[in-house]
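Below you'll find the structure, written out as structure tokens, and then a few comments.
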Amino acid sequence: MNIFNKKYLLMLASIFALSLLLVACGGGDSEGDSGSEGSDEESGSEEESGSEEESDSGSSEGSEEASGDFESDQWRMVTEELQGEVQFVYAQEFAKRIEEKTDGAITVEALEYGALGSETDQAQLLQQGGVELAVMSPGFTGGQVPDGQIFSMHYLFPTDQDQIHQILKDSEALNTDLREKYEEHSISPLAYWSEGQMAWTSNTAIKSPSDWEGLNVRVQESPLMRESYDAYGATVQSLSWGELYTALDRETVDAQENPIFFIESASFNEVQDYMMISGHNNYVAMTTANTEWYNGLDDNVKAVVDETITELQDWVFDEQKKQNEAGLQAIKDEGSTEVIEFDEDQIAEFSEAIQPVHEYYREEVEGIDPELFDKLKSEIEEVTGE
Ligand code: 6CS
């Protein structure tokens, strides 16, 4: 039995605890408690709305003491991954740097997947101000922020990781236009970054689009994911990743997509015979803050947050690369999963099959901004030179 299954049991217990927490949070009152335990006053959002004079920048109790230029405070950053995985080590590094830069006045607790529920629970908590910060995958809020579905489009971004890194850092369509769309839902994406190229895993070899016919693939919540797999003839099922190992093992789901480090870390390769390095997409994560909390931060605190986030973009690029290389080697060494790497012709065939979905997204998907899509496409073309 892999460690993940033990973690899964813990996660179920945590989801139950989270339901109680969400109820305590006031069921959707985003102006309320923005922070850690015992915080029923001094939220950033109250400060923003002017309902609480001289509120501190954050959320937790006992923030009167100052250390250097910074008021003492405690934040939480929730992630969708377990200890040692990219999102979690990112949160740990963020915490370390914030603590150093504020001479220990501000501490950040990094929380792993399951500590506060599933990915959608976590997104909801951030929106309500129940946590200050979250590493979030856009795939879990595609229903609320339709433009965020741009990240689930196959064969839109290049396969070259350096180019993706540059696009995610510099794109105005993402860092300004898309950020505004998320902020309407109290989510401020402070940075977008890649966790690496995604691969497909399945118990049948997928070498051309028609090989998908009749397969049921696990996806996140984004409705566009359904359209994408539909174009290949597959059906989809939305699940939290915590349920995925069992679903693959019992064959209630046939296939899934994830970055390679995660496939190995969650042991999906144990229950899948093939892994296709397909170039169909990279896995984008967002560092997010509750918008009202972030806007209410003192200028010096906000500057430290922004600086740290910028530094971590290069840091996490190296971290994901290291973890993905190690994950690929481990899957190859383990030997039970055949690795199939697509050549240029296969990529061209899949890319052609998915073009109608790109058009469908631009023309038909309700609530999306076609100009944002066009802008991102031309920014991508500028970087790739194609
Ligand atoms: O497949 C998922 O849902 C999970 N995959 C990754 C790489 N991170 C967290 C996410 O929830």
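Here the sequence shown stands for residues -24 to -1, 1 to 362, numbered as in mature numbering (1 follows the signal peptide of the UniProt record, and there is no 0). Glycine included, each C-beta is placed from N, C-alpha and C at the ideal position.
### Query
In the DSSP assignment, what are the bridge partners of Gln50?
Thr83
### Task
Assign Asp49 to buried or exposed, taking buried as 16 or more other Cβ atoms, counted over all protein chains shown, within 10 Å of its Cβ.
buried
### Message
Buried or exposed for Asp294, going by 16 or more other Cβ atoms inside 10 Å?
### Response
exposed
### Message
On the criterion of 16 or more Cβ atoms from any shown chain inside 10 Å, does Arg194 qualify as buried, or is it exposed?
### Response
buried
### Whole alpha helix (DSSP H) elements within the region 244 to 272, 4-residue minimum
267 to 271
### Task
Taking only the alpha-carbon atoms, compute the straight-line gap between Glu227 and Thr360 and give it to the nearest angstrom.
39 Å
### Task
Closer than 7 Å by C-beta to Tyr131: which residues in its own chain qualify, once you throw out the five before and the five after it? Chain order, please.
His256, Phe326, Ser327, Ile330
### Task
For Arg194, name the three-state secondary structure that DSSP assigns.
strand
### Message
On the DSSP letters alone, give me the boundaries of the beta strand (DSSP E) that Leu109 sits inside.
### Response
109 to 112
### C-beta contact flag for Glu342 and Pro165 at 9 Å
no
### Message
Within the continuous alpha helix (DSSP H) that includes Ala242, where are the two ends?
### Response
Counting along the chain, Ala242 falls outside any alpha helix (DSSP H), and DSSP gives it neither H nor E.
### Task
Kindly provide the ranges of any beta strand (DSSP E) runs that are 3 or more residues long and lie completely inside the region 200 to 228, ordered along the chain.
211 to 214
### Task
Locate the beta strand (DSSP E) running through Val315, then write down its first and last residues.
314 to 317
### Message
Alpha carbons only, please: which of His334, Asn300, Gln296 is nearest the one belonging to Trp169?
### Response
Gln296
### Message
Please report the straight-line C-alpha distance between Asp309 and Ala175, rounded to a whole angstrom.
### Response
17 Å
### Task
Report the option in Trp51, Met53, Gln63, Val54 whose CA atom is closest to the CA atom of Ser241.
Gln63
### Leu(-13) - DSSP class collapsed to helix/strand/coil
The predicted model places Leu(-13) with a pLDDT of 48, which falls under 50 and marks its position as unreliable; any figure quoted below should be read in that light. Looking at Leu(-13) - three-state DSSP - the assignment turns out to be helix.
#### Entry: Contact the region 219 to 238 vs the region 189 to 205: 3+ CB pairs below 8 Å
yes
### Query
Considering only the beta carbon of each residue, do Ile253 and Glu317 sit closer than 9 Å?
yes
### Message
Tell me whether Pro114, by its Cβ, gets closer than 8 Å to a heavy atom of the ligand 6CS.
### Response
no
### Message
Within 10 Å of its beta-carbon, does Val149 have 16 or more other beta-carbons around it, so buried, or fewer, so exposed?
### Response
Per the sequence presented here, residue 149 reads as Ala, with Val not at that position. Ala149 should be labelled buried.
### Query
In chain order, what residues of the same chain have a beta carbon less than 7 Å from the beta carbon of Glu357, not counting five sequence neighbours either side?
none
### Message
Quick check on the DSSP output: what are the complete beta strand (DSSP E) runs of length 3 or more inside the region 131 to 179, in order along the chain?
### Response
163 to 178
### Message
For a test of the three-state rule: what should DSSP assign to Gln232, helix, strand or coil?
### Response
strand
### Query
Under the criterion of a Cβ to heavy atom distance below 8 Å, does Ser254 qualify as lining the ligand 6CS?
no
### Task
Taking 9 Å as the cut-off, decide whether the C-beta atoms of Ile126 and Ile323 are in contact.
no
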